[in-house]
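Colleague:
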Amino acid sequence: MLQGTLDMLILQTLLLGPAHGHTIAHVIGRRSEDVLQVEHGSLYPALHRLEDRGWIASFWGTSDNNRKARYYRLTPAGRKQLNVETSRWERMVRAISGVLRPVED
Amino acid sequence: MSWRRFIRRAWWQRERAREIESYLEIETAENIARGMTREEAESRARSKLGNRTLIQEEIYRMNTMQWLEGTWQDLRHTARILYLSPGFALVAILSLALGTGANTAIFQLVDAVRLRSLPVHDPQQLVEVRIAGGNNGMGLNSGLYGHLTRPIFEELRKSNRPLDQLFAWSPDEVRVGRGNDLRRANGVSVSGNFFSALGIQAVRGRTLLAEDESACPAARAVVSYSYWQNEMEGRELDSATGLVVNGEFKQVIGVAPPNFTGLAVGQQFDVAIPFCRPRELRRDVFDITVMGRLRPRQSLERATAELGSMSAGIMEATVPSGYSQKTLAGYKRFRLAGKAASGGVSWLRETYNSSLLLLLGITGMVLLIACANLANLMLARASVRQHEMAIRLALGASRARLIRLLVTESALIAAMGTALGAILAQIVSRLVVWSLSTTTNAIYLPTQLDWRVLLFTAGVGALTCILFGLVPAFRGTRGKAITAMKSGGRGMTAGRESFSLQRTMVVAQISICLVLLAGAVLFVRTFRNLMRFDPGMREAGVTVAFIGFQQSHLPPERYEWFKRQLVDEVRATPGIRQAAITSMIPLLGGSWTHGIHLGAQEGWSKFAWVSPGYFETMNIPLVAGRKFSESDTEVSPRVAIVNRTFVRKYFGNADPLGKTLRTVAEPNYPATTYEIIGVIADTKYANVRDDIPPMTFAPASQLPPKQGWVAIMIHSDLAPAAAMATVKGALIRKHPEMIVTGLDFKRTIQDGFARERLMAVLSGLFGALAAILAMVGLYGLISYMVARRRGEVGIRMALGAQRQQVIGMFLGDATRLVAAGLAIGTLVSLVAMRGAASLLFGLKSYDPLTLVAACALLGGVASLASFLPARRASKLDPMITLREE
């Protein structure tokens, strides 16, 4: 996965509402139709980093099947950061697709 | 990275572990729901998560601060290493503590006495006015700070040139209280503008003003903050607050701020009293210090030039009467000059200047020895650790990381040494101030810990550690680590050249140490010579009583009768053997000179007026003629007794008895002719250091001026304090209005040797410490050589070498080092001690006995310091050492 995109994907996932680590990993996998396979372990350092920067906040809650799990939600700062990262990503994609456009004679 | 997270990293660690645990549980549950067995579900969940340890480590790293963690690790590691080699740590830390402590302590004192500016407004503008070259002992010179007379000050003040805000002061010991409850206090008489010119504000009430200078007696006083706190319990002032000073009531109108203790360095004032105007100011009493401020853009040189050009007029206007024409001509030639006074005036500075600088030099040398010790220790350790460094490098430590480790080690040693040094500095500077203070002259010197010097010396020490620890540690590791590992400290023999740096340093240490020891021996012997010196008169068991009876309201013509009465009363007190009056107490620094004529011959002599019994009291033998008797009275012919030096100087071999001498006129002392009736043996005069001057004694009853006080020398079997108490009790019972004080004659004389005591105590202390350091250095070097040559010793012994031969091998080496050190040290001492010649008494700076003693002392200790490790070498078991190889 591209450097820095994991953070964006996590923030985007949390836009739908609070979720715990397990859910986040599965949602990313499912929504990318299993193209983006997140190594579930690498998720936790990323969550730790995002929380440290104040983009997400965490609390302990109960999962669907009645287990204790740490839930994350987006903070206002995180919402802003998501905008920044999304627009940067879109610029990048446009730029790359521009380069990749078939050459016209 | 955040501090909050760093501090709570252990909590976060647990939190993340729980979170990962919960992930595994959820995943396992889902896997079981998909139909897996429990074990399979768990193992699939774990493999989906990935390496759990790596994840946690990554999070941990995020939470830590790398450099902080590393430093903490280094510190713990270093502390452990130092703990494992306590000998090394102890010597290194103590060496450094000694070097930093001694230097800081002495520098603090130099700073307090010489460099620090007064706590007053713009001290750099202050200029003291003095007579260039002094007044040649003319008139009455009182105290340590008397340079000008009041009339000269008045003339200067009137002219209002060349200095601004001229003010004057004169320290004066006063007695506060009444009757039997009299306390000595440091008084200071000041011009009214004293405080305002210095820019000092009162913390209570007000300071003195120009209007407070009134006709005598002065009515007001200002006290120092400490006096107010200690003697007046810090009570708020009101119009009734006052002190009885020398029998006169003064209203206390203000308290000076705590940081202002007066203008004399090392002396605190207690009570400041404004000048008062008597009917006539005496013109022959040089008892005040005059200061003023430079005007803007005025230089000290210009002020001095102006003072010089004004001098003739001022002297003409203030010329005293009653002197011979010759003396007066000399007076009119006096020239006034300015002297920078931003550091205040200081008798301490003038007396202790050379001593303190010398001590600073000595402590500098102690620092050198300490650093050489550190360097040697670090060198020895570093070469032992070459092997260790090689292994660390081989295991993947970066060079930078190792340097950091060694720097941390040096820094830790430096920090501990400095902390100890700071404590030591306080102890040493207290010791010095204590050793300078005497019963009659308490010295007040605030010495704050001087961080600049402490840090500077600590820095020198730390640099030494790093330089000598780091460089050799890496000397061997520059090439391949494996080579260093192979050869690391395991040679069968060690060549002499590999110790060359250490050997040089030990030689240097021993030579510096010899200089310090020789100096210490000189100063200790000087002090001993002074203490044991026989001044030619009785010192022990003598008490001096000062009795003021002005309050007794006797008519002056009854004074002589009353004084004789007092002496009789003292003699009648139980335990008192003998007592006599004198106008001049010998050996306490005072001096009383008169010009004399012997026929056509002109000369001078010291004078004292004494009562019958004086020579018995002081145990001074009469060598010719007769002593004074009760029949030598105010009205009988004037008679005198002279000392042998007087006879030698003015009569040569002729018989002086029956000859006459005539004194030169002075105020209150008209020219008088005395007949010489006796000759006494020579005694020392003002102090034991000076040569014996010609002396003349006349009967106390024939002293020209009538004085309302008297000094009585008392010889008693009782201890001086007890004798004084008895005499004082008896006199006060009969005459409660009298002021009676006393001092222990011998003790006061010995208090005068404070400087010599200081030099003896401190040079002895530093010399001993230097010797210990140098011996530790030598011991360390020989031990280290023994350790490095274990293999060689083993082989030698296996081949039949005797124990004595092994000992001899190392001792021979040590002896060469010590001999070289002693030789160099002797040469340096001979040169260095010439600078200290003025501080010595009763011996020369190139005193051979001193050098021999110092060499023998150092040589003796040195052979012990090298014998111990050498003997250890001889006790090695050859089989064990050879197997180790």
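Residue numbers (this note's numbering), protein chains in the order written: chain X, 1 to 105; chain H, 1001 to 1885.
Just so it is clear, CB atoms sit at the ideal spot from N, CA and C, and this is done for glycine as well.
1) Jot down the residue ranges of each uninterrupted alpha helix (DSSP H) in the segment 1071–1136 of chain H, minimum 4 residues, whole runs only, in chain order.
2) Distance check for residue 1860 (chain H) and residue 1382 (chain H), CA to CA, integer angstroms please.
3) Can you tell which of H:1778, H:1809, H:1732 has the C-alpha that lies nearest to the C-alpha of residue 1380 (chain H)?
4) So is residue 1496 (chain H) in contact with chain X if we call contact Cβ pairs under 7 angstroms?
5) Any beta-carbon of chain B closer than 7 angstroms to the one on residue 4 (chain X)?
6) Who does residue 1752 (chain H) pair with in a DSSP beta bridge?
7) Against chain H, with Cβ distances strictly below 7 angstroms, would residue 88 (chain X) count as a contact?
8) Using DSSP with H/G/I as helix, E/B as strand and the rest coil, what is residue 1643 (chain H)?
9) Select from the segment 7–22 of chain X all residues with a C-beta closer than 8 angstroms to any C-beta belonging to chain H, and list them in chain order.
10) Is the CB of residue 77 (chain X) under 7 angstroms away from at least one CB in chain H?
11) For the segment 1549–1558 of chain H against the segment 1694–1710 of chain H, are there 3 or more C-beta pairs whose distance is under 8 angstroms?
12) List, in chain order, every chain H residue whose beta-carbon is nearer than 7 angstroms to that of residue 73 (chain X).
13) Compute the minimum distance between the beta carbon of residue 1029 (chain H) and the heavy atoms of the ligand NAP, and state whether it is under 6 angstroms.
14) Who are residue 1593 (chain H)'s beta bridge partners in DSSP?
15) Within the 7 angstroms Cβ cut-off, does residue 1023 (chain H) reach chain X?
16) Assuming residue 1153 (chain H) and residue 1290 (chain H) form a contact by the criterion Cβ under 8 angstroms, report the distance between their Cβ atoms to the nearest whole angstrom.
17) For the segment 24–45 of chain X, enumerate the residues whose C-beta is nearer than 8 angstroms to any C-beta of chain H, in chain order.
18) Output yes if chain H places a C-beta closer than 7 angstroms to the C-beta of residue 83 (chain X); else output no.
19) Mark residue 1563 (chain H) as exposed unless 16 or more other C-beta atoms lie within 10 angstroms of its C-beta, in which case mark it buried.
20) Can you tell me whether residue 1083 (chain H) is buried or exposed, with buried defined as 16 or more other CB within 10 angstroms of its CB?
21) I need the boundaries of the beta strand (DSSP E) containing residue 1165 (chain H), first residue and last residue.
22) For residue 48 (chain X), is the classification buried or exposed, using 16 other Cβ atoms within 10 angstroms of its Cβ as the cut-off for buried?
23) Measure the C-alpha to C-alpha separation of residue 1818 (chain H) and residue 1373 (chain H) and round it to an integer number of angstroms.
24) Around the C-beta of residue 1880 (chain H), are 16 or more other C-beta atoms found within 10 angstroms, so that it is buried, or is it exposed?
25) What's the gap between the Cα of residue 1450 (chain H) and the Cα of residue 1426 (chain H)?
26) Which runs of the beta strand (DSSP E), 3 residues or longer, sit entirely within the segment 1683–1723 of chain H?
27) Leaving out five residues on either side along the sequence, give the residues of the same chain with a beta carbon under 8 angstroms from the beta carbon of residue 1675 (chain H).
28) Terminal residues of the continuous alpha helix (DSSP H) containing residue 1183 (chain H)?
29) By the 7 angstroms beta-carbon criterion, what residues does the segment 1025–1037 of chain H contribute toward chain X?
30) Just the C-alpha distance for residue 1109 (chain H) and residue 1292 (chain H), rounded to the nearest angstrom, thanks.
31) Could you run through the segment 1058–1083 of chain H and flag, in chain order, every residue whose CB is less than 7 angstroms away from some CB of chain X?
32) Classify residue 22 (chain X): buried if its beta carbon has 16 or more other beta carbons within 10 angstroms, exposed otherwise.
33) Would residue 1008 (chain H) be called buried (16 or more neighbouring beta carbons within 10 Å of its own) or exposed?
34) Among H:1023, H:1356, H:1771, which has the Cα closest to the Cα of residue 60 (chain X)?
35) Within 7 angstroms (strictly less), CB to CB, does residue 1792 (chain H) reach chain X?
36) Quick one: give me the first and last residue of the beta strand (DSSP E) that residue 1274 (chain H) is part of.
Modeller: With the given structure in hand:
1) 1086–1110
2) Locating residue 1382 (chain H) in the second sequence gives position 382, counting from the first residue. Locating residue 1860 (chain H) in the second sequence gives position 860, counting from the first residue. Cα to Cα, residue 1382 (chain H) sits roughly 30 angstroms from residue 1860 (chain H).
3) Along the second sequence, one-based indexing puts residue 1380 (chain H) at 380. Comparing Cα-Cα distances from residue 1380 (chain H) to each of H:1778, H:1809, H:1732, the minimum goes to H:1778.
4) Position 496 of the second sequence, counting from 1, holds the residue named residue 1496 (chain H). Legend: pLDDT at residue 1496 (chain H) = 46, less than 50; position of this residue unreliable, value from coordinates given subsequently. False, the Cβ-Cβ gap to chain X never drops below 7 angstroms.
5) No chain B appears in this structure, whose protein chains are X and H.
6) To locate residue 1752 (chain H), count along the second sequence from 1; it is residue 752. None; residue 1752 (chain H) has no bridge partner.
7) As a working mapping, residue 88 (chain X) is identified with position 88 in the first sequence. With 7 angstroms as the cut-off, residue 88 (chain X) does not count as an interface residue toward chain H.
8) The residue you call residue 1643 (chain H) lines up with position 643 of the second sequence. In the structure shown, residue 1643 (chain H) sits in a strand (DSSP, three-state: E or B).
9) 20, 21, 22
10) Counting from 1 along the first sequence, the entry for residue 77 (chain X) is found at position 77. By this cut-off, residue 77 (chain X) is not an interface position.
11) yes
12) Position 73 of the first sequence holds residue 73 (chain X). Correct list: empty, because the minimum Cβ distance to chain H is about 15 angstroms.
13) Within the structure as shown, the ligand NAP is missing, as the structure has no ligands at all.
14) To locate residue 1593 (chain H), count along the second sequence from 1; it is residue 593. Beta-bridge pairing links residue 1593 (chain H) to H:1606.
15) The residue you call residue 1023 (chain H) lines up with position 23 of the second sequence. Yes - at least one Cβ of chain X is within 7 angstroms of the one on residue 1023 (chain H).
16) For the purposes of this step, residue 1153 (chain H) is taken as residue 153 along the second sequence, with counting starting at 1. For the purposes of this step, residue 1290 (chain H) is taken as residue 290 along the second sequence, with counting starting at 1. With a Cβ gap of about 5 angstroms, residue 1153 (chain H) and residue 1290 (chain H) count as contacting.
17) Among the residues of the segment 24–45 of chain X, those with a Cβ less than 8 angstroms away from any Cβ of chain H are 39, 40, 41, 42, 44, 45, in the order of the chain.
18) Walking along the first sequence from the start, residue 83 (chain X) turns up at place 83. So no, residue 83 (chain X) is outside the interface.
19) Taking the second sequence and counting its residues from 1, the one referred to as residue 1563 (chain H) is at position 563. Its Cβ being crowded by 16 or more others within 10 Å, residue 1563 (chain H) is buried.
20) The residue labelled residue 1083 (chain H) in the question sits at position 83 within the second sequence. Label assigned to residue 1083 (chain H): exposed.
21) To locate residue 1165 (chain H), count along the second sequence from 1; it is residue 165. 1164–1178 is the span of the beta strand (DSSP E), which, as asked, contains residue 1165 (chain H).
22) To locate residue 48 (chain X), count along the first sequence from 1; it is residue 48. Buried, since its Cβ has 16 or more Cβ neighbours within 10 Å.
23) Indexing the second sequence from 1 puts residue 1818 (chain H) at position 818. Indexing the second sequence from 1 puts residue 1373 (chain H) at position 373. Approximately 15 angstroms, taken between the alpha carbons.
24) Within the second sequence, residue 1880 (chain H) is the residue found at index 880, counting from 1. It is exposed - the Cβ of residue 1880 (chain H) has fewer than 16 other Cβ atoms within 10 Å.
25) Here residue 1450 (chain H) refers to the residue found at position 450 of the second sequence. Here residue 1426 (chain H) refers to the residue found at position 426 of the second sequence. In this structure, the straight-line span from the alpha carbon of residue 1450 (chain H) to that of residue 1426 (chain H) is close to 10 angstroms.
26) 1695–1699, 1709–1716
27) For the purposes of this step, residue 1675 (chain H) is identified with residue 675 of the second sequence, where counting begins at 1. Answer for residue 1675 (chain H): 1637, 1638, 1639, 1640, 1658, 1659, 1660, listed in chain order.
28) Along the second sequence, one-based indexing puts residue 1183 (chain H) at 183. Run containing residue 1183 (chain H): none in the alpha helix (DSSP H); it sits in the beta strand (DSSP E), 1181–1190.
29) 1025, 1026, 1027, 1029
30) Mapped onto the second sequence, residue 1109 (chain H) falls at position 109. Mapped onto the second sequence, residue 1292 (chain H) falls at position 292. Between residue 1109 (chain H) and residue 1292 (chain H), the C-alpha separation is close to 27 angstroms.
31) 1058, 1059, 1062
32) Working through the first sequence from its first residue, we reach residue 22 (chain X) at position 22. Label assigned to residue 22 (chain X): buried.
33) Here residue 1008 (chain H) refers to the residue found at position 8 of the second sequence. Exposed is the call here.
34) Along the first sequence, one-based indexing puts residue 60 (chain X) at 60. For the set H:1023, H:1356, H:1771, the Cα lying nearest the Cα of residue 60 (chain X) is the one of H:1023.
35) Working through the second sequence from its first residue, we reach residue 1792 (chain H) at position 792. Closer than 7 angstroms: no.
36) By 1-based counting over the second sequence, the position of residue 1274 (chain H) is 274. Per DSSP, residue 1274 (chain H) belongs to the beta strand (DSSP E) from 1271–1274.
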